[in-house]
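Residue numbers for the sequence shown, in my numbering: 2 to 117. For every residue, glycine included, the Cβ atom is placed at its ideal position computed from N, Cα and C. Computed from a prediction, not measured in an experiment: that's the story for all the values here. This report refers to the structure that appears directly beneath it.
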Amino acid sequence: QVQLVESGGGLVQPGGSLRLSCAASGILFSINFMAWYRQAPGKERELVAGITGGGDTNYADSVKGRFSISRDNANKNTIYLRMNSLKPEDTAVYYCYASRGGVEYWGTGTPVTVSS
């Protein structure tokens, strides 16, 4: 089993920044992909950014150039999502995701609200 715990969400004004963190614990070997998803009210959950075990990254078009996913250098099972130039449409619950051996794991989510 893998447990994922997110932190760092909150209320921020448009144009502001936040950094989300996700710490994985449990059986961690062979985690080959970690990512951030988000789900806005009334919308489907969508991939925001992902990072492979080798460090390759991918982003949703809507966040390219504004968001950055990274992995902690000391603890490879902790990932971050740096979010800059936040917009009201970025408001959502953000979920951490991990894939290990074909099994998917999800955190419980951290809410991000972008509003003035």
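Tyr96 and Ser117 have their alpha carbons spaced roughly 23 Å apart. Under DSSP, Ile70 takes part in a beta bridge, and its partners are Leu82.
Around the beta carbon of Val104, a 10 Å sphere encloses fewer than 16 other beta carbons of the protein chains shown; the residue is thus reported as exposed. Counting along the chain, Val6 sits inside the beta strand (DSSP E) bounded by residues 3-8. Looking at the DSSP output, Gln40 sits in a beta bridge with Val94.
In the displayed model, Pro89 falls within a helix according to three-state DSSP.
The continuous beta strand (DSSP E) containing Ser26 extends over residues 19-27.
Between the alpha carbons of Ala36 and Pro89 lies a distance of about 22 Å. Gly11 is bridged by DSSP to Val113.
Around the beta-carbon of Gly54, fewer than 16 other beta-carbon atoms lie within 10 Å, marking it exposed.
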